[in-house]
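In mature numbering (1 follows the signal peptide of the UniProt record, and there is no 0), the protein residues as written are -23 to -1, 1 to 655.
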């Protein structure tokens, strides 16, 4: 799954966001010169030229880690969804089992802070006591499986059920590296000040949580040492994030018995049975060497240490759902990571959880009240216009042979768009929701999701399933399904507005559509063919030419400095950067097919082409805290907003012409150096 934005933004409402943005953006409702800094030459710094005054006047709010146009949209409109949830929670006449009743009960339980405070950590006492009774390696392994199937934690490694990338009609059990609490292996291994600060904060977090459940200072500190020692050993065996993007490196298929031979202390036939995935003859593993390390750790690490590690998984997984001392400890740790100043309000956190756990129930209420059907119809038209434009650009490529072009066109034609919301809603049968117990709802939800996942084994691939909920402001491409997906939440300004001129919509949602289409042809997505199979469809010469162009784009982004000596990681962000470069080019191609795109008529002093590029830039208008920016470089496959803004345009001749960018301007690239891929 490929996410378009740097994070999933949930809960928006079109009718209210329009009222907000029109008031802010000026008479025409879409571009406001007052937000720009026209003292800056567009050819020197287009991000600041397009957004500079807004950036100066809109610092990051205390409850946020970054702040920008789509975050602003989310923040205003989440209040509208709050109204949906509060209305559902207050509806005494909603029948048991109805959508309104279930949504209302989930939200009401999460907002019952009195009951949550009273419960303290009693909801996890049975888990901690059960782990205390462990006295053998067999018990350790059974506990690992128990925690996974009951939605408690995912100790030691990752496990999921998904499509076999080389046999996409088959669902198969898959194992992944895991077992660590910090967000990246490098935080365990590097000795720069930021890594040390994060490790110290993590250690403090561990100590605090163990003390909250009764450990004394000495024991809590000893527990932190044990946990860090185990997790560091696991981290050393992890692939890097760049390696994890390699579809072939991470595709390792084993017969179950053969894989068990590589891990003498784990019988995977027995493990799969306990994970409710019995009867499987093969398994996919993304990093086999990691499991050799994990198995050796099982052999040499004392059982008492594993008990501490397993208890930590329970504590860490539950902290945000327990009483305020636990929630505050989690936030204190998060502050070091992200720089966030104050905690997100409870209603907003519970709203997000409601969407995360029962998003297609909430989505039904959201779509009914706020989504306009005409937006879906217009999006369908835009998708097809972008598909036509992409086909034209493929046919025009001067570096690709005709045989590979035909395969690329076949893949493009096979793209399946999903727009706004599912045709068939998920009803979460078997997920029990109680108004009386927030924590029980969380556990029930996690267990339900696990059971729903493993239930897909032996069944046809469900191509109607969505990976995002309708209220989400985001979009994605799935390589194995070859689908592009645009939830209802993104179908509004600044990405899309049915009343906006084509320049605004093509520079906004058009680039989003093109971005997701381009993921099918990025450095990773291009390894999958029209039916989603991981299978080469390129000639050897064409692939080499493509990789040379991709390498040039990676080097371009490597040169961008974010903080001090921190640079964008061009290889890690390559897929998203190809998505942006291809997406904006395709959107511009489609825009030039419209009446406005073929004219020179100015609106508020801007030509159609200028409005197109300014629309693109306003989508990425963002301020970010230094801590969050540093974290993004390590963990996020998207480049920072300012470089997503300028990265594609400096390779587009049309941008140079639109803003009269000349040699000597800071962003200028010679025509022969401009990177042209799709």
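The C-beta atom is built at its ideal place from N, Cα and C for all residues, glycine as well.
> From residue 254 to residue 45, what distance separates their C-alpha atoms?
Replying inline: For the purposes of this step, residue 254 is identified with residue 277 of the chain shown, where counting begins at 1. For the purposes of this step, residue 45 is identified with residue 68 of the chain shown, where counting begins at 1. Rounded to whole angstroms, residue 254 and residue 45 show a C-alpha spacing of 44 Å.
> Hey, which unbroken runs of the alpha helix (DSSP H) at 4 residues or more fall wholly within the stretch 141 to 222?
Replying inline: Those alpha helix (DSSP H) runs which fall completely within the stretch 141 to 222 and span 4+ residues are 163 to 166, 170 to 189, 194 to 213 and 218 to 221.
> Can you tell me the Cα-Cα spacing of residue 328 and residue 83, whole angstroms?
Replying inline: As a position in the chain shown, residue 328 is number 351, starting the count at 1. As a position in the chain shown, residue 83 is number 106, starting the count at 1. So the two alpha carbons sit approximately 10 Å from each other.
> What is the residue span of the beta strand (DSSP E) that residue 600 lies within?
Replying inline: Mapped onto the chain shown, residue 600 falls at position 623. Counting along the chain, residue 600 sits inside the beta strand (DSSP E) bounded by residues 599 to 601.
> So the alpha helix (DSSP H) residue 234 belongs to, where does it begin and stop?
Replying inline: Counting from 1 along the chain shown, the entry for residue 234 is found at position 257. Segment 233 to 239, the alpha helix (DSSP H) holding residue 234.
> Do the CB positions of residue 505 and residue 464 come within less than 9 Å of each other?
Replying inline: For the purposes of this step, residue 505 is taken as residue 528 along the chain shown, with counting starting at 1. For the purposes of this step, residue 464 is taken as residue 487 along the chain shown, with counting starting at 1. Contact flag unset, no.
> Beta-carbon separation of residue 165 and residue 213 under 9 Å?
Replying inline: Position 188 of the chain shown, counting from 1, holds the residue named residue 165. Position 236 of the chain shown, counting from 1, holds the residue named residue 213. In contact: residue 165 and residue 213 (Cβ atoms closer than 9 Å).
> Between residue 111 and the rest of its own chain, which residues show a CB-CB distance below 7 Å, the 5 nearest in sequence each way excluded?
Replying inline: As a position in the chain shown, residue 111 is number 134, starting the count at 1. Its chain contains 117, 120, 280 and 284 as the residues whose beta carbon lies nearer than 7 Å to that of residue 111, once the 5 sequence neighbours on both sides are disregarded; these appear in chain order.
>> Does residue 455 come out as helix, strand or coil in the three-state DSSP assignment?
In response: Within the chain shown, numbered from 1, the residue matching residue 455 stands at position 478. Correct three-state label for residue 455: strand.
> Would you report the Cα separation of residue 67 and residue 275, rounded to the nearest angstrom?
Replying inline: Here residue 67 refers to the residue found at position 90 of the chain shown. Here residue 275 refers to the residue found at position 298 of the chain shown. For the pair residue 67 and residue 275, the Cα-to-Cα distance works out to about 51 Å.
> What residues are listed by DSSP as bridge partners for residue 229?
Replying inline: Here residue 229 refers to the residue found at position 252 of the chain shown. Beta-bridge pairing links residue 229 to 262.
> Opposite residue 460 in the DSSP bridges: which residues?
Replying inline: On the chain shown, residue 460 is found 483 positions in, with the first residue counted as 1. Looking at the DSSP assignment, residue 460 forms a beta bridge with 393 and 455.
> Looking only at its own chain, which residues have a Cβ that is under 8 Å from the Cβ of residue 395, when we skip the five neighbours before and after it?
Replying inline: What you label residue 395 is simply residue 418 of the chain shown in a count that begins at 1. Excluding positions up to five away in sequence, the list reads 443, 460, 461, 462 and 463.
> Taking just the CA atoms, how far does residue 206 sit from residue 295?
Replying inline: Counting from 1 along the chain shown, the entry for residue 295 is found at position 318. Counting from 1 along the chain shown, the entry for residue 206 is found at position 229. Residue 295 and residue 206: Cα-Cα distance of roughly 22 Å.
> Which residues in the same chain as residue 100 place their Cβ atom closer than 6 Å to its Cβ, once the five residues preceding and following it in sequence are excluded?
Replying inline: To locate residue 100, count along the chain shown from 1; it is residue 123. Exclusion of the five residues before and after residue 100 leaves 416 as the residues of its chain whose Cβ lies within less than 6 Å of its Cβ.
> Quick one: what does DSSP say residue 640 is sitting in, helix, strand or coil?
Replying inline: As a working note, residue 640 is residue 663 in the chain shown. Three-state result, residue 640: strand.
> Just how far apart, CA to CA, sit residue 476 and residue 27?
Replying inline: On the chain shown, residue 476 is found 499 positions in, with the first residue counted as 1. On the chain shown, residue 27 is found 50 positions in, with the first residue counted as 1. Straight through space, the alpha carbons of residue 27 and residue 476 are spaced by roughly 22 Å.
> Does DSSP put residue 593 in a helix, in a strand, or in coil?
Replying inline: Counting from 1 along the chain shown, the entry for residue 593 is found at position 616. In the displayed model, residue 593 falls within a helix according to three-state DSSP.
> Looking at residue 652 and residue 529, is the spacing between their C-beta atoms short of 9 Å?
Replying inline: Counted from its first residue, the chain shown places residue 529 at position 552. Counted from its first residue, the chain shown places residue 652 at position 675. It is a contact, given that the beta carbons lie within the stated cut-off.
>> Please report the distance separating the alpha-carbon of residue 223 from that of residue 502.
In response: In the chain shown, residue 223 corresponds to position 246, counting from 1. In the chain shown, residue 502 corresponds to position 525, counting from 1. Going by the C-alpha atoms only, they are around 10 Å apart.
>> Tell me the rounded alpha-carbon separation between residue 363 and residue 605.
In response: As a working note, residue 363 is residue 386 in the chain shown. As a working note, residue 605 is residue 628 in the chain shown. So the two alpha carbons sit approximately 34 Å from each other.
> Going straight from the alpha carbon of residue 187 to that of residue 32, what length do you get?
Replying inline: Along the chain shown, read from residue 1 onward, the residue named residue 187 stands at position 210. Along the chain shown, read from residue 1 onward, the residue named residue 32 stands at position 55. Looking at the two C-alpha atoms, the distance is approximately 42 Å.
> CB residue 367 to CB residue 655, shorter than 9 Å?
Replying inline: Here residue 367 is taken as the residue at index 390 of the chain shown, counted from 1. Here residue 655 is taken as the residue at index 678 of the chain shown, counted from 1. Yes. Within cutoff.
> Buried or exposed: residue 185, going by 16 or more other Cβ atoms within 10 Å of its Cβ?
Replying inline: Counted from its first residue, the chain shown places residue 185 at position 208. The residue is buried, with at least 16 neighbouring Cβ atoms inside 10 Å.
>> So if DSSP puts residue 544 in a beta bridge, which residue, or which two residues, is it bridged to?
In response: Here residue 544 is taken as the residue at index 567 of the chain shown, counted from 1. Answer by DSSP bridge pairing, in chain order: 538.
> Based on Cα-Cα distance, which residue from 146, 156 and 102 lies nearest to residue 136?
Replying inline: Residue 136 sits at position 159 when you count from the first residue of the chain shown. Nearest C-alpha to residue 136: 156.
>> The alpha helix (DSSP H) that contains residue 552, what's its start and end?
In response: The count along the chain shown starts at 1 and reaches residue 552 at position 575. Its alpha helix (DSSP H) spans residues 551 to 568.
> Under a three-way DSSP split, which group does residue 303 fall into?
Replying inline: Taking the first residue of the chain shown as 1, we reach residue 303 at position 326. Helix at residue 303.
>> Buried or exposed, going by whether 16 or more other CB atoms sit within 10 Å of the CB of residue 132?
In response: Walking along the chain shown from the start, residue 132 turns up at place 155. Burial call: buried.
> Which class does residue 138 belong to by DSSP, given the choice of helix, strand or coil?
Replying inline: What you label residue 138 is simply residue 161 of the chain shown in a count that begins at 1. Assignment of residue 138 by DSSP, reduced to helix, strand and coil, places it in the strand class.
>> Using a Cβ-Cβ cutoff of less than 8 Å, which residues in the same chain neighbour residue 291 once the five nearest sequence positions on both sides are dropped?
In response: Residue numbering aside, residue 291 sits at position 314 when the chain shown is read from its first letter. Taken in chain order, the residues that qualify are 101, 104, 105, 108, 124, 129 and 130.
>> What does the Cβ neighbour count give for residue 647, buried or exposed, with the cut at 16 atoms within 10 Å?
In response: The residue given as residue 647 occupies position 670 in the chain shown. Per the 10 Å Cβ criterion, exposed.
> Which residues bound the alpha helix (DSSP H) around residue 45?
Replying inline: The residue you call residue 45 lines up with position 68 of the chain shown. Going by DSSP, residue 45 is part of no alpha helix (DSSP H) but of the beta strand (DSSP E) stretching over 43 to 45.
> What is the DSSP secondary structure of residue -2, reduced to helix, strand or coil?
Replying inline: Translated into the one-based positions of the chain shown, residue -2 becomes position 22. Summary for residue -2: the model assigns pLDDT 28, below 50, so the residue's position carries little reliability; its value from the coordinates is reported in the next sentence. Reduced to three states, the DSSP call for residue -2 is helix.
> In three-state terms, what does DSSP make of residue 652?
Replying inline: Taking the first residue of the chain shown as position 1, residue 652 is located at position 675. Residue 652 carries a coil assignment under DSSP once its states are collapsed to helix, strand and coil.
> When you compare only the Cα positions, how much space is there between residue 645 and residue 306?
Replying inline: On the chain shown, position 668 is the one that residue 645 refers to. On the chain shown, position 329 is the one that residue 306 refers to. Looking at the two C-alpha atoms, the distance is approximately 48 Å.
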